[in-house]
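Before any comments, here is the structure.
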Amino acid sequence: MKTIDNSILDKRSDKELYSYQKGAIDRIFKLFDDEKQDYHLLYQLPTGGGKTVIFSEIVRQYLKNHKKKVLVMTHRIELCKQTSGMLTEFGVVNKVVNSTANLEDQQDFSCFVAMVETLNNRLNDEQLDISDVGLVIIDEAHYNSFTKLFKFFEKSFILGVTATPLSSNIKLPMNDNYDELIVGETIESLIENEFLAQAQTYSYNVGLTSLEVGANGDYTVKSSEDLYTTTDMLSKLMQAYEERSKGKKTLIFNNGINTSLYVYDAFRHAGYPIMHLDNTATKKQRKFILKWFKETPDAILTSVSILTTGFDEPTVGSIILNRATKSLTLYYQMIGRGSRILNSKSTFDVIDLGNNFHRFGPWGADLDWQAIFRSPNFYLENLLDDNEIESYFRYEMPEALRAEFAKTEDVSFDIKKAYTASVKSGETSKVILERSIHQHATICIENSEDIFDALGLAKMLGDDIDFRIERYSKCISKSTYNFLTWLKNDYRLKLRSYLRENFDMMFEDIHGYAPSEEE
Numbered sequence: 018m019k020t021i022d023n024s025i026l027d028k029r030s031d032k033e034l035y036s037y038q039k040g041a042i043d044r045i046f047k048l049f050d051d052e053k054q055d056y057h058l059l060y061q062l063p064t065g066g067g068k069t070v071i072f073s074e075i076v077r078q079y080l081k082n083h084k085k086k087v088l089v090m091t092h093r094i095e096l097c098k099q100t101s102g103m104l105t106e107f108g109v110v111n112k113v114v115n116s117t118a119n120l121e122d123q124q125d126f127s128c129f130v131a132m133v134e135t136l137n138n139r140l141n142d143e144q145l146d147i148s149d150v151g152l153v154i155i156d157e158a159h160y161n162s163f164t165k166l167f168k169f170f171e172k173s174f175i176l177g178v179t180a181t182p183l184s185s186n187i188k189l190p191m192n193d194n195y196d197e198l199i200v201g202e203t204i205e206s207l208i209e210n211e212f213l214a215q216a217q218t219y220s221y222n223v224g225l226t227s228l229e230v231g232a233n234g235d236y237t238v239k240s241s242e243d244l245y246t247t248t249d250m251l252s253k254l255m256q257a258y259e260e261r262s263k264g265k266k267t268l269i270f271n272n273g274i275n276t277s278l279y280v281y282d283a284f285r286h287a288g289y290p291i292m293h294l295d296n297t298a299t300k301k302q303r304k305f306i307l308k309w310f311k312e313t314p315d316a317i318l319t320s321v322s323i324l325t326t327g328f329d330e331p332t333v334g335s336i337i338l339n340r341a342t343k344s345l346t347l348y349y350q351m352i353g354r355g356s357r358i359l360n361s362k363s364t365f366d367v368i369d370l371g372n373n374f375h376r377f378g379p380w381g382a383d384l385d386w387q388a389i390f391r392s393p394n395f396y397l398e399n400l401l402d403d404n405e406i407e408s409y410f411r412y413e414m415p416e417a418l419r420a421e422f423a424k425t426e427d428v429s430f431d432i433k434k435a436y437t438a439s440v441k442s443g444e445t446s447k448v449i450l451e452r453s454i455h456q457h458a459t460i461c462i463e464n465s466e467d468i469f470d471a472l473g474l475a476k477m478l479g480d481d482i483d484f485r486i487e488r489y490s491k492c493i494s495k496s497t498y499n500f501l502t503w504l505k506n507d508y509r510l511k512l513r514s515y516l517r518e519n520f521d522m523m524f525e526d527i528h529g530y531a532p533s534e535e536e
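Take any residue in the sequence shown, note its place counting from 1, add 17, and you have its number in the working numbering.
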């Protein structure tokens, strides 16, 4: 092995590290000294807190003070290259072990950076000598692909680093593979000290009960695409963008290539600058798209998970979650793409179209990572399911529509509350819709001068009607597509009929004069 000049290893001094980073390094090295050589330690630090900087400094110090080698594992090629580059900045000569690497000179290196699958193949083929590896560092340790390699490092200290110490596979909890968790600086603290930007979240209620959960514990791509490629969802996405993100550099995350392509077509048709990126893009295409995104102030980039790790673009001003996920890690990774600070940026917007905010709470909430590490199933089992989340939804009229009903103090009607009251009174469930129709008729007449005005306002209530019918269907536990479609159409017909039959009488009761009289 080549002898490394200590002056090179001293290239980057401790003074360039922030105090919380130095504190983490000191705690980690104390465990190196105090625990057994095959100790498995997990270190948590939010995205943007400098995990790569911290473990690069750890490698630098370890090689300076120990006579053993270091291996750094990543799960993606982009992270492999970034890690190698950061280690080089710290004066650590390293060799990337990829599918084309020539390992004949491996004895000349004290530090290796490898992708997990490539490393697995090389180790099984006995092409890489790891007999003298004293420290193994695992980036994005929550991915379970790494654990199959632990058998090769039974005499090595393993340090896993992650922003979210919750396994990507609920059947393989992290406390099965790590002895201890060290929790780093919180997102809240990093924001307060101006290391990260503050997220401003806007959550749009979305009905998700049509989604199916796959074997991996998250929503399936197919059921997600069936929902998010509908005209209603694309319209909701466009509306949310125009209300909150228009003119800002925006990342849109989707669950499925088809959805992303639908989004691309919708935004392009509307005249917005947008590109689509997924894992089928060539290196040349990816490079071109990311360069365009970086250089275009109001660029929109719609993608499929590919940019959740290993991608940093501080000029991003808005993140749109055009998908639902049951993965806390993915939720934090997606939002984290907008958290990089700039001189001109201290906040960024998050638009949630998957009820993720209701499921996990705000990004940067004070999560008890130690409790999650010790009892991940308890945490996961206590998350609200989609039915519970949707039971708290309340329809909010868009501002422009609310202005049409300015004379009405409260335009809402609580279907669930009305259902509970009807059950207690022994009434049939159909009285709920009758009362809802009466309330809708009332607010239409209250803001009208004649029957034509009232019928016009009733036509504008489509979204509110649909929301009420969907809430009603949940109450009576009957929600087939055909039934809902019939019920929505029937409600509209009955509302128009009710207005025509009762307009004169209700108008006089509300306004105090007959419709034909002058005010």
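A virtual CB, placed ideally from N, CA and C, is assigned to each residue, including glycine. Quantities reported herein were computed from a predicted structural model and do not represent experimental measurements.
Please state whether DSSP places Asp-366 in a helix, a strand or coil. Along the sequence shown, one-based indexing puts residue 366 at 349. Correct three-state label for Asp-366: strand.
Relative to the C-alpha of Ile-187, which candidate in Pro-290, Arg-354, Asn-233 has its C-alpha closest? The sequence position of residue 187 within the sequence shown is 170, counting from 1. The shortest C-alpha separation from Ile-187 is found at Asn-233.
Beta carbon of Leu-120 nearer than 8 Å to that of Asn-111: Taking the sequence shown and counting its residues from 1, one reaches residue 120 at position 103. Taking the sequence shown and counting its residues from 1, one reaches residue 111 at position 94. In this structure, Asn-111 does not lie closer than 8 Å to Leu-120 by Cβ.
Which residues in the same chain as Leu-189 place their Cβ atom closer than 7 Å to its Cβ, once the five residues preceding and following it in sequence are excluded? What you label residue 189 is simply residue 172 of the sequence shown in a count that begins at 1. Taken in chain order, the residues that qualify are Asn-161, Thr-164.
Helix, strand or coil: how does DSSP classify Asp-156 here? Indexing the sequence shown from 1 puts residue 156 at position 139. Asp-156: strand per DSSP, three-state reduction.
Residues bridged to Met-292 [DSSP beta-bridge criterion]: Counting from 1 along the sequence shown, the entry for residue 292 is found at position 275. Per DSSP, Leu-318.
If we count the other Cβ atoms within 10 Å of its Cβ and call it buried at 16 or more, is Lys-28 buried or exposed? Counting from 1 along the sequence shown, the entry for residue 28 is found at position 11. Below a pLDDT of 50, predicted positions are generally treated as unreliable, and Lys-28, at 45, falls in that range; the measurement from the model is reported next regardless. So Lys-28 ends up on the exposed side.
Where are the alpha helix (DSSP H) runs, 4 residues long or more, that stay fully inside the region 27-115, in chain order? 36-51, 68-82, 94-106
Give me the Cα-Cα distance between Thr-459 and Thr-342, rounded to the nearest whole angstrom. Residue 459 sits at position 442 when you count from the first residue of the sequence shown. Residue 342 sits at position 325 when you count from the first residue of the sequence shown. About 40 Å.
Where Glu-50 and Asn-138 are concerned, what is the direct C-alpha to C-alpha distance, given to the nearest angstrom? Mapped onto the sequence shown, residue 50 falls at position 33. Mapped onto the sequence shown, residue 138 falls at position 121. Correcting the residue type first, residue 50 is Asp in the shown sequence and not Glu. Each residue's Cα considered, the two are about 32 Å apart.
Please report the straight-line C-alpha distance between Thr-623 and Phe-170, rounded to a whole angstrom. One cannot answer for residue 623 here, as it falls past the ends of the chain, which runs 18 to 536.
Using the beta-carbon count (16 or more within 10 Å), is Arg-44 buried or exposed? By one-based count along the sequence shown, residue 44 stands at place 27. It counts as exposed.
contact_flag[the region 477-488, the region 426-435] where n(CB pairs < 8 Å) is 3 or more: yes
Bridge partners - Gly-224, DSSP secondary structure assignment: Residue numbering aside, residue 224 sits at position 207 when the sequence shown is read from its first letter. Paired residues: none, contrary to the question.
Roughly how many whole angstroms lie between the Cα atoms of Val-223 and Lys-47? Counting from 1 along the sequence shown, the entry for residue 223 is found at position 206. Counting from 1 along the sequence shown, the entry for residue 47 is found at position 30. Each residue's alpha carbon lies about 48 Å from the other.
Just checking, does the region 331-346 make contact with the region 174-186 on the three C-beta pairs under 8 Å criterion? yes
Check whether the Cβ of Thr-299 lies closer than 7 Å to any heavy atom of the ligand NAP, and answer yes or no. In the structure shown, the ligand NAP is absent, as is every other ligand, since no ligand is present at all.
Helix, strand or coil for Met-477 per DSSP? In the sequence shown, the residue the question calls residue 477 occupies position 460. Met-477: coil per DSSP, three-state reduction.
Nearest-angstrom Cα separation, counted from Thr-218 out to Lys-495: Indexing the sequence shown from 1 puts residue 495 at position 478. Indexing the sequence shown from 1 puts residue 218 at position 201. Roughly 33 Å between the two C-alpha positions.
By Cβ distance below 7 Å, which residues in the same chain neighbour Pro-290 in space, the five residues on each side in sequence not counted? Along the sequence shown, one-based indexing puts residue 290 at 273. Once the five neighbours on either side are set aside, the close Cβ partners of Pro-290 are Thr-313, Asp-315, Ala-316, Ile-317.
Report yes if the C-beta distance between Leu-418 and Tyr-508 is below 8 Å; otherwise report no. Translated into the one-based positions of the sequence shown, residue 418 becomes position 401. Translated into the one-based positions of the sequence shown, residue 508 becomes position 491. Contact: no.
What three-state label does DSSP hand Ser-533 in the structure shown? Numbered from its first residue, the sequence shown carries residue 533 at position 516. Looking at Ser-533 - three-state DSSP - the assignment turns out to be coil, as it is neither helix nor strand.
Express the C-alpha separation of Ile-406 and Gly-378 in angstroms, rounding to a whole number. Your numbering for residue 378 matches position 361 in the sequence shown. Your numbering for residue 406 matches position 389 in the sequence shown. Between Gly-378 and Ile-406, the C-alpha separation is close to 12 Å.
Are the region 90-105 and the region 122-132 in contact at 8 Å, needing three or more beta carbon pairs? yes
His-293 at chain D interface by Cβ criterion, 8 Å: No chain D appears in the structure shown, which is made up of a single protein chain.
What is the DSSP secondary structure of Glu-197, counted as helix, strand or coil? Taking the first residue of the sequence shown as 1, we reach residue 197 at position 180. Strand, per DSSP.
Which of helix, strand or coil DSSP assigns to Arg-354: By one-based count along the sequence shown, residue 354 stands at place 337. Correct three-state label for Arg-354: coil.
Could you pull the start and end residues of the alpha helix (DSSP H) that Phe-422 belongs to? One-based indexing of the sequence shown puts residue 422 at position 405. That residue, Phe-422, is in no alpha helix (DSSP H); it is neither H nor E in DSSP.
Cβ-based burial, Ala-287 [other Cβ within 10 Å; buried from 16]: Here residue 287 corresponds to residue number 270 of the sequence shown, with the count starting at 1. Per the 10 Å Cβ criterion, exposed.
Kindly indicate which three-state DSSP category Ala-216 falls into: helix, strand or coil? One-based indexing of the sequence shown puts residue 216 at position 199. Here Ala-216 sits in strand by DSSP.
Using only CA atoms, which one of Glu-463, Asn-271, Thr-332, Ser-465 lies nearest to Asp-369? To locate residue 369, count along the sequence shown from 1; it is residue 352. If we check each option's Cα against that of Asp-369, Asn-271 comes out closest.
Using DSSP bridges, identify the partner residues of Thr-267. For this step, residue 267 is matched to residue 250 along the sequence shown. DSSP, once it has assigned bridges, lists Ile-317, Ser-335 as partnering Thr-267.
Environment of Val-87 [buried if 16+ CB atoms lie within 10 Å]: Here residue 87 refers to the residue found at position 70 of the sequence shown. By the neighbour-count rule (16 or more Cβ atoms within 10 Å), Val-87 is buried.
Check whether the Cβ atoms of Leu-472 and Arg-411 sit closer than 8 Å, and answer yes or no. For the purposes of this step, residue 472 is taken as the residue at position 455 of the sequence shown. For the purposes of this step, residue 411 is taken as the residue at position 394 of the sequence shown. No. Outside cutoff.
Would you mind reading off the limits of the beta strand (DSSP E) that contains Ile-187? Here the question's residue 187 lines up with position 170 in the sequence shown. That residue, Ile-187, is in no beta strand (DSSP E); it is neither H nor E in DSSP.
Cβ neighbour criterion (16 or more within 10 Å) applied to Thr-502: One-based indexing of the sequence shown puts residue 502 at position 485. Classification of Thr-502: exposed, given that the 10 Å Cβ count is below 16.
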